[in-house]
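Residue numbers (this note's numbering), protein chains in the order written: chain U, 132 to 780; chain Z, 112 to 359. One structure is given here, and the rest of the page talks about it.
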Amino acid sequence: MPDHDVRWTTGDPIADTKAPDGPIAERWDRRRFDAKLVNPANRRKQTVIVVGTGLAGGAAGATLAEQGYHVVQFCYQDSPRRAHSIAAQGGINAAKNYRNDGDSVHRLFYDTVKGGDFRARESNVHRLAQVSVEIIDQCVAQGVPFAREYGGLLDTRSFGGVQVSRTFYARGQTGQQLLLGAYQALSRQIAAGNVEMHARTEMLDLIVVDGRARGIVARDLITGAVSTYVADAVVLATGGYGNVFYLSTNAKNSNATAIWRAHRRGAYFANPCFTQIHPTCIPRSGDHQSKLTLMSESLRNDGRIWVPKAKGDTRPPGEIPEDERDYYLERIYPAFGNLVPRDIASRAAKNVCDEGRGVGPGGQGVYLDFADAIRRLGRKAVEAKYGNLFEMYERITAEDPYEVPMRIYPAIHYTMGGLWVDYDLQTTIPGLFAIGEANFSDHGANRLGASALMQGLADGYFVLPSTINDYLARQPHTPVAEDHPAVTEAVGEATDRLARLLSVDGDRTPDSFHRELGELLWDECGMARTESGLRKALDRIPSLREEFWRRIKVPGTGEELNQSLEKANRIVDYLELAELMCLDALHRTESCGGHFREESQTPEGEAARKDEEFSYAAAWEFTGTGAPPVLHREELTFEYVHPTQRSYA
Amino acid sequence: MNLTLRIWRQRDAGSAGAMTTYEVKGISEDMSFLEMLDHLNEELILAGDEPVAFDHDCREGICGACGMVINGAAHGPERTTTCQLHMRHFSDGDTIDVEPWRAAAFPVVKDLVVDRSAFDRIIGAGGYVSAPTGSAPDAHATPVPKPAADLAFEHAECIGCGACVAACPNGSAMLFTSAKVVHLNVLPQGAPERESRVLDMVDTMDAQGFGGCTNTGECATACPKGIPLTAIGRMNREYLRATVKGRG
Chain U
132 MPDHDVRWTT GDPIADTKAP DGPIAERWDR RRFDAKLVNP ANRRKQTVIV VGTGLAGGAA
192 GATLAEQGYH VVQFCYQDSP RRAHSIAAQG GINAAKNYRN DGDSVHRLFY DTVKGGDFRA
252 RESNVHRLAQ VSVEIIDQCV AQGVPFAREY GGLLDTRSFG GVQVSRTFYA RGQTGQQLLL
312 GAYQALSRQI AAGNVEMHAR TEMLDLIVVD GRARGIVARD LITGAVSTYV ADAVVLATGG
372 YGNVFYLSTN AKNSNATAIW RAHRRGAYFA NPCFTQIHPT CIPRSGDHQS KLTLMSESLR
432 NDGRIWVPKA KGDTRPPGEI PEDERDYYLE RIYPAFGNLV PRDIASRAAK NVCDEGRGVG
492 PGGQGVYLDF ADAIRRLGRK AVEAKYGNLF EMYERITAED PYEVPMRIYP AIHYTMGGLW
552 VDYDLQTTIP GLFAIGEANF SDHGANRLGA SALMQGLADG YFVLPSTIND YLARQPHTPV
612 AEDHPAVTEA VGEATDRLAR LLSVDGDRTP DSFHRELGEL LWDECGMART ESGLRKALDR
672 IPSLREEFWR RIKVPGTGEE LNQSLEKANR IVDYLELAEL MCLDALHRTE SCGGHFREES
732 QTPEGEAARK DEEFSYAAAW EFTGTGAPPV LHREELTFEY VHPTQRSYA
Chain Z
112 MNLTLRIWRQ RDAGSAGAMT TYEVKGISED MSFLEMLDHL NEELILAGDE PVAFDHDCRE
172 GICGACGMVI NGAAHGPERT TTCQLHMRHF SDGDTIDVEP WRAAAFPVVK DLVVDRSAFD
232 RIIGAGGYVS APTGSAPDAH ATPVPKPAAD LAFEHAECIG CGACVAACPN GSAMLFTSAK
292 VVHLNVLPQG APERESRVLD MVDTMDAQGF GGCTNTGECA TACPKGIPLT AIGRMNREYL
352 RATVKGRG
């Protein structure tokens with residue numbers, strides 16, 4: 132791969148991921164046994180900062196505190212209970228095989244590696260599958276009210292990309308119930324004085340002393356005070372960066388600042404172009420749209436997706452006879468039908484809309500029809516399964532999905548890319564760990580449904596609390612003085628940036644820049660990407676950045692609750708991250724998973740991987756704003772699941 | 112549609128606040144109430160004014176961050192969260208009053224933003240099952256009868272938005288507290304701490320400055336998640352039982 136037009140340079144490959152060798156099923160046990168431990172009496176002398184209180188962060192904070200560490204935890208929301216994990220609907224995977232339907236740890240491992248289009252690290256994925264079993268036990272013990280059958284045992288359902296029923300759920304609010312379980316465990320530790328909780332406090336920068344992560348700079352969002360917090364290790368559980376697109380299914384305030392500032396301080400950022408577009412979201416209704424709402428993928432268990440066979444057919448759906456409908460997923464992928472993985476379902480929807488067969492305003496939608504399910508199961512059964520989702524849909528669109536098919540369209544939902552981490556979930560900055568969606572580790576180029584909750588809780592409850600011991604046990608605790616140059620420098624940079632944002636006093640609002648950046652990314656680095664489109668975006672982003680610093684208008688001061696300042700400060704980071712995403716997408720001239728390069732497809736229009744060239748994770752090193760980053764490759768080897776062209780036909 | 116908004120503006124916790132009138136034009140009926148406020152804020156910023164501060168995050172009715180009193184009703188005229196209220200429920204020419212949650216235990220932070228951290232302290236007092244990570248038996252070791260599981264779920268749906276407190280003439284948090292007590296106390300996993308949970312949560316609730324319950328039922332009417340009023344009766348029984356039985 133030539134480093135053409137010096138948009139990036141190539142550095143040393145990543146030599147060691149710290150993944151143990153030997154039989155894959157024994158690696159996690161071996162790593163845990165080889166890890167050094169911290170004496171329980173010494174744990175309270177060690178401080179761990181955890182940023183974020185979602186599934187990963189909430190679980191990690193509670194568990195580390197239970198182990199005896201002193202935890203200092205942060206969230207920008209007014210309460211740790213509001214982290215965006217709460218919005219996950221469908222369920223959580225686990226290889227319990229309670230159904231006796233042929234499931235196993237190995238099958239979950241296999242499905243996840245295959246679903247990720249062979250771009251994930253086998254050792255990590257296998258560990259995830261192993262740990263999945265313990266997660267369900269843990270959550271049930273906490274009182275998470277999973278759906279149950281009449282015998283009192285747990286119910287499960289199937290999700291896209293798999294042929295077993297391994298998804299545990301709590302109606303359409305699985306994320307909420309799992310998050311409340313973690314939040315309650317965390318609350319218990321806060322009340323016990325083991326976790327020092329800072330709500331409404333946002334991380335602005337990472338403090339690195341002598342090459343190690345030793346603290347953070349954070350802003351109290353109520354008073355505006357910028358403070359430093361030092362620790363023996365820092366854990367980022369700050370979620371993904373989907374909001375770079377402006378319109379996404381993320382919460383409005385979810386942001387990339389923590390991971391991007393860590394990247395600027397030396398943490399490699401891996402596979403930023405691997406973003407997931409969820410096939411079943413409610414289409415946008417106009418320019419006022421502030422976010423997109425997901426309809427759980429579980430709907431595809433019973434809903435049938437179709438568009439009219441004819442272009443420009445504007446008849447209401449009820450007037451289109453059966454033989455003039457194209458159930459295109461069932462037609463193209465007879466084996467998996469409506470349950471193909473998300474990337475495939477999304478692209479198929481885009482294709483039929485591009486052909487002019489889309490439905491609804493602007494032709495940007497396809498039908499998800501429950502008429503057959505209602506006939507087969509009865510309205511009551513459908514209501515019991517999906518009632519809250521149907522209500523939500525009706526509230527937003529004013530259409531009744533029991534009577535009229537839902538209209539859905541793909542939207543940005545999840546980011547597989549994130550901070551590069553080794554087997555211990557440690558970034559390239561010693562002492563800085565990244566867990567949950569904030570890291571890149573387990574989903575490769577595409578995440579399967581109900582696997583985000585699994586990964587967040589696996590990292591937070593089980594993996595990080597084991598691996599971080601080894602780091603803490605090996606580090607002498609030298610205190611960091613408040614006036615250490617690295618501390619004052621980080622605070623100075625953060626406060627200067629806020630002051631600069633307030634001083635421009637231009638003529639454009641933060642949202643107007645965010646929308647413009649989001650549209651550019653959606654068009655050029657969204658569902659389908661081309662070399663010319665990516666180059667266009669790469670040319671436009673630096674000029675947008677320049678315009679931002681000339682024309683941004685942020686009212687008010689920095690010494691108060693100032694939501695415009697919060698937004699503008701996050702957009703500064705999006706304007707840099709967007710460039711790296713496009714660059715990563717440009718450099719990866721293959722298609723894989725959620726990354727679809729139009730130049731690389733099979734004759735049938737499916738993603739064509741180029742394993743000889745791209746069987747690696749791309750870990751990028753920051754060299755300066757707008758400066759060419761350095762590419763470090765982590766070669767991926769597949770000993771257990773051999774790469775094949777994914778087929779769901 | 113064009114609307115007149117009368118919005119509570121308050122600089123910070125220590126300042127006095129007042130209703131301020133704004134005109135907004137060209138509002139689409141497909142906008143959510145918060146998108147309508149976004150629209151207003153964009154205009155305020157460009158006019159050199161300070162935008163209206165309000166809490167919001169997921170904008171899909173589940174995080175519980177948003178909440179304002181709209182025309183005197185918590186979350187407005189529909190039984191849903193403010194983010195899921197759409198402008199099609201209003202008419203051209205309407206005047207809409209927008210205020211923060213009003214309750215002694217929820218002090219105003221700025222404009223429509225209030226401090227609900229008292230809720231976190233109630234949960235911290237006992238709204239959990241003590242099950243440290245790693246200590247769990249197999250998930251199927253204890254079957255839970257479906258009616259108990261469903262009852263627990265129905266009460267676990269609470270999003271902690273605070274509408275119940277805002278709607279209550281006494282500013283009581285009985286519905287919020289009882290939702291968690293019922294969720295955990297009906298499950299076998301919650302049984303070992305059944306008595307201490309209800310006693311400690313109720314004590315903490317009282318200490319946070321919430322008012323008492325006089326059975327007006329406004330809380331359950333305003334609840335966007337439909338937490339039933341019977342939760343309060345169930346909690347009262349739990350409390351009485353725990354008082355008689357002791358902490359077990």
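Just so you know, even glycine gets a beta-carbon here, dropped at the ideal spot from N, CA and C.
Boundaries of the alpha helix (DSSP H) in which residue i is found, first to last residue
| i | result |
| --- | --- |
| residue 718(U) | 694 to 718 |
| residue 646(U) | 641 to 655 |
| residue 745(U) | 742 to 745 |
| residue 524(U) | 510 to 528 |
| residue 66(Z) | With chain Z represented from 112 up to 359, any question about residue 66(Z) goes unanswered, as that position is not in the structure. |
Buried/exposed call for residue i, threshold 16 Cβ in 10 Å
| i | result |
| --- | --- |
| residue 134(U) | With a pLDDT of 47 at residue 134(U), under the threshold of 50, the modelled position of that residue is not reliable, and the figure given next carries that caveat. Residue 134(U) is exposed by the Cβ-count criterion. |
| residue 428(U) | buried |
| residue 132(U) | At residue 132(U), the pLDDT of 44 sits below 50, so the modelled position is not reliable and the matter cannot be decided from this model. |
| residue 355(Z) | exposed |
| residue 728(U) | buried |
| residue 289(Z) | buried |
| residue 680(U) | exposed |
| residue 627(U) | exposed |
| residue 307(U) | buried |
| residue 137(U) | exposed |
Continuous beta strand (DSSP E) stretch holding residue i: start and end
| i | result |
| --- | --- |
| residue 328(U) | 326 to 329 |
| residue 258(Z) | Per DSSP, residue 258(Z) belongs to no beta strand (DSSP E); it is in the alpha helix (DSSP H), 257 to 267. |
| residue 256(U) | Taken as a continuous stretch (DSSP letters only), residue 256(U) belongs to no beta strand (DSSP E), being part of the alpha helix (DSSP H) at 253 to 272. |
| residue 412(U) | 406 to 412 |
| residue 182(U) | 178 to 182 |
| residue 207(U) | Note, residue 207(U): premise wrong, no beta strand (DSSP E); not H, not E. |
Other residues of its chain near residue i: CB distance less than 8 Å, five sequence neighbours each side excluded
| i | result |
| --- | --- |
| residue 772(U) | 240, 241, 244, 245, 249 and 253 |
| residue 335(Z) | 172, 186, 190, 191, 192, 195, 270, 272 and 274 |
| residue 255(U) | 150, 554, 572 and 573 |
| residue 230(U) | 287, 295, 296 and 297 |
| residue 732(U) | 722, 738 and 739 |
Spatial neighbours of residue i in its chain, beta-carbon cut-off 6 Å, leaving aside the 5 residues before and after
| i | result |
| --- | --- |
| residue 849(U) | Given a span of 132 to 780 for chain U in the structure shown, any question on residue 849(U) remains unanswerable. |
| residue 691(U) | 355 |
| residue 230(Z) | 271 |
| residue 659(U) | 727 and 729 |
| residue 164(Z) | 221, 222 and 224 |
| residue 236(U) | 226, 260 and 261 |
| residue 287(Z) | 275 |
Bridge-paired residues (DSSP) for residue i
| i | result |
| --- | --- |
| residue 298(U) | 224(U) and 288(U) |
| residue 358(U) | 349(U) |
| residue 297(Z) | Answer is none; residue 297(Z) lacks a bridge partner. |
| residue 605(U) | Looking at the DSSP assignment, residue 605(U) forms no beta bridge with any residue, so it has no partner. |
| residue 545(U) | 407(U) |
| residue 140(Z) | Beta-bridge pairing links residue 140(Z) to no other residue. |
Same chain, Cβ closer than 7 Å to residue i, five either side skipped, listed in chain order
| i | result |
| --- | --- |
| residue 294(Z) | 263, 266 and 267 |
| residue 763(U) | 142, 143, 144, 145, 399, 750 and 752 |
| residue 709(U) | 375, 648, 652 and 672 |
| residue 576(U) | 247, 248, 250, 405, 547, 723, 724, 725 and 726 |
| residue 362(U) | 178, 179, 180, 203, 345 and 346 |
Give, in chain order, every residue of the segment 198 to 222 of chain Z whose Cβ lies closer than 9 Å to some Cβ of chain U. Residues passing the 9 Å Cβ filter: 199, 220, 221 and 222.
Beta carbons nearer than 7 Å to chain U: which residues of the segment 163 to 189 of chain Z have them? Hits within the stretch, in order: 164, 166, 167, 168, 169, 170, 171, 172, 173, 174, 175 and 176.
Selection of the segment 237 to 267 of chain U by Cβ proximity to chain Z, strictly under 8 Å: Of all residues in the segment 237 to 267 of chain U, 265 and 267 have a Cβ within less than 8 Å of some Cβ in chain Z.
Members of the segment 402 to 424 of chain U that neighbour chain A once the beta carbon cut-off is set at 8 Å: Looking at the structure shown, chain A is missing, and the protein chains on hand are U and Z.
Taking any Cβ of chain U, which residues in the segment 236 to 254 of chain Z have a Cβ under 9 Å from it, in chain order? So the close ones are 236, 237, 238, 239, 240, 241, 242, 243, 244, 245, 246, 247, 248, 249, 250, 251, 252, 253 and 254.
In chain order, what residues of the segment 311 to 341 of chain Z put their CB closer than 8 Å to some CB of chain U? Look at the segment 311 to 341 of chain Z: it has no residue with a C-beta under 8 Å from a C-beta of chain U.
Against chain Z, which members of the segment 518 to 544 of chain U pass a CB distance test of less than 8 Å? Correct list: 523, 526, 527 and 529.
Short of 7 Å Cβ to Cβ, which residues in the segment 213 to 224 of chain U face chain Z? Within the segment 213 to 224 of chain U, the qualifying residues are 213, 215, 217 and 218.
Report the residues of the segment 638 to 650 of chain U with a CB closer than 9 Å to any CB of chain Z, ordered along the chain. So the list reads 638, 639, 640, 641, 642 and 643, given in the order they occur along the chain.
What residues from the segment 279 to 292 of chain U come within 8 Å of chain Z, judged by C-beta to C-beta, listed N to C? The segment 279 to 292 of chain U vs chain Z, Cβ under 8 Å: 279, 280, 281, 282, 283, 284 and 285.
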